[in-house]
Amino acid sequence: MDDPVVAQLAAYNAHDVDGFVACYAVDAVVTSGDGRSLMTGHAEMRDAYSRLFAHHADVHADVIERLCERDWVVDHERVLTGGETTGYVVAYQVRDGVISRVVILGD
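Residue numbers (UniProt numbering): 1 to 107.
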């Protein structure tokens with residue numbers, strides 16, 4: 001159940017944009033905890049993460065804890081960007097073997 005979430009984390013840490021985006025549904029939706037739309041679909045994700053990886057060679061995420069329930073995977077993550085570490089709680093909804101929805105709680 002958490003296979004695409006594990007794969008996208010590995011691709012994120014390898015700065016592999018194509019591998020990262022492949023873990024998501026073509027129309028995947030990413031929102032903040034307060035419901036703001038952050039990005040939708042492969043094109044927006046590819047653009048955002050290409051820029052992130054290009055500007056922050058040190059960006060890396062670690063999972064502190066993972067919970068799985070039905071079609072949801074919830075990670076407590078620590079993300080290193082620009083020499084600073086930030087904590088997030090990220091909920092991934094997995095459908096048909098890919099991530100269809102993401103809710104990011106944190107800064």
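Ideal Cβ placement from N, Cα and C applies to all residues, glycine included. Because the structure is a prediction, the values reported are computed rather than measured.
- Ranked by Cα distance from Ala-7, the options Ala-61, Thr-86, Val-103, Arg-78 are led by Ala-61.
- Look at the UniProt domain "SnoaL-like" (6-101) and you find these whole runs of beta strand (DSSP E), each 3 residues long or longer: 24-32, 37-40, 60-69, 72-81, 84-95.
- In this structure, the beta-carbon distance from Val-26 to Met-39 does not fall below 8 Å.
- Taking a contact as a CB-CB distance under 8 Å, the pair Leu-80 and Asp-58 counts as one, their CB atoms being some 6 Å apart.
- Val-73 places its beta carbon 8 Å or farther from that of Leu-9.
- Less than 8 Å divides the Cβ of Pro-4 from the Cβ of Val-94.
- Spatial neighbours of Val-98 in its own chain (CB-CB distance under 7 Å, excluding positions within 5 residues in sequence) are listed in chain order as Pro-4, Cys-23, Tyr-24, Ala-25.
- A straight-line Cα-Cα distance of about 34 Å links Ala-54 and Glu-69.
- With respect to the C-alpha of Phe-20, the residue from Met-45, Ser-37, Arg-66, Ala-91 having the closest C-alpha is Met-45.
- With a cutoff of 8 Å on beta-carbon distance, Gly-33 and Leu-105 are scored as near each other.
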